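Engineer:
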């Protein structure tokens, strides 16, 4: 459970960095990014008590990468090309494989 929460929180810091691209919300965005980094990292630390380090890190970054990809498409107009979607699906398949193999 800690690992899933950590991965979902991992989505927050790239969003914070995106928010910080606007000069009027620069410090707010940086604050959001740092807060999500800290809490996500803490949850990953908790998850690593029971899950191997390599597996937990890969799952954490995979959830963050796939989630950020989806947020980018839905809210920021990022391209949803076949190649990008196929790449994220491969990340998700790898994360699932690592999780069930641990």
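Numbering (my numbering), first residue to last: 13 to 114.
Every residue, glycine too, gets a C-beta built ideally from N, C-alpha and C.
Given the structure is predicted, the values throughout are model-derived calculations rather than measurements.
Check whether the region 17 to 32 and the region 49 to 66 are in contact - that is, three or more C-beta pairs closer than 8 Å.
Structural biologist: yes
Engineer: Out of 87, 81, 108, which has the shortest C-alpha to C-alpha gap to residue 96?
Structural biologist: Within the chain shown, residue 96 is the residue found at index 84, counting from 1. Here the closest residue by C-alpha is 81.
Engineer: Would you kindly report the start and end of the unbroken alpha helix (DSSP H) that includes residue 103?
Structural biologist: Walking along the chain shown from the start, residue 103 turns up at place 91. 94 to 113 is the span of the alpha helix (DSSP H), which, as asked, contains residue 103.
Engineer: Enumerate in chain order the residues of its own chain whose CB-to-CB distance from residue 59 is below 7 Å, with the five nearest sequence positions on each side excluded.
Structural biologist: For the purposes of this step, residue 59 is identified with residue 47 of the chain shown, where counting begins at 1. Around residue 59: 14, 15, 18, 68.
Engineer: For a test of the three-state rule: what should DSSP assign to residue 37, helix, strand or coil?
Structural biologist: Position 25 of the chain shown, counting from 1, holds the residue named residue 37. Helix, per DSSP.
Engineer: Let's see if you can read the secondary structure: which residues bound the alpha helix (DSSP H) around residue 78?
Structural biologist: Counting from 1 along the chain shown, the entry for residue 78 is found at position 66. 65 to 88 is the span of the alpha helix (DSSP H), which, as asked, contains residue 78.
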